[in-house]
Amino acid sequence: MTFISETGIPILFWMWNQTNELTWVGDIYIGDHVWLGAHVNVLKGVTIGENSVIGIRSLVTSDIPSHCVAAGLPAKIKRSNTYWTRELIEEEERPVSS
0 MTFISETGIP
10 ILFWMWNQTN
20 ELTWVGDIYI
30 GDHVWLGAHV
40 NVLKGVTIGE
50 NSVIGIRSLV
60 TSDIPSHCVA
70 AGLPAKIKRS
80 NTYWTRELIE
90 EEERPVSS
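Numbering of the sequence shown is given in our numbering, commencing with residue 0 and proceeding in unit increments.
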């Protein structure tokens with residue numbers, strides 16, 4: 000997962016400015032139980048609501064509401080009002096690989 004500044008420079012919330020000072024770039028809010036696919040890019044100031052899924056190689060440029068599936072370049076909502084659960088699989092129920 001990569002976070003990108005407005006200038007296209009990959010960041011992780013903090014970055015060095017031109018005078019070699021560490022500066023705050025911007026807030027990115029990611030809700031609980033959010034799945035981000037491989038190589039997803041999120042721009043500063045974006046909020047991704049809880050229980051949402053972002054598709055592989057998407058560029059998230061604006062807020063994504065809760066319970067949505069979004070994908071694309073830029074990411075657009077493909078499905079809303081989606082719900083998923085994480086069920087616990089007991090040890091004896093897990094398949095045995097050979």
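Here a beta-carbon is modelled for each residue, glycine too, at the ideal position from N, C-alpha and C. As the structure is a prediction and not an experimental result, all values here were calculated from the model.
In this structure, ALA74 keeps its C-beta atom at 8 Å or more from the C-beta atom of LEU87. A distance below 8 Å separates the beta carbons of GLY48 and PRO64. If the five residues before and after HIS66 are omitted, its C-beta is found closer than 8 Å to the C-beta atoms of GLY48, GLU49, ASN50, SER51, SER79, ASN80, THR81 and TYR82, all from its own chain and listed in chain order. The beta carbon of VAL33 sits closer than 6 Å to those of ILE47 and SER51, all from its chain and outside the five residues before and after it, given in chain order. With contacts defined by Cβ atoms closer than 8 Å, ASP62 and VAL45 form a contacting pair. Secondary structure at ASN40: strand, using DSSP grouped into helix, strand and coil.
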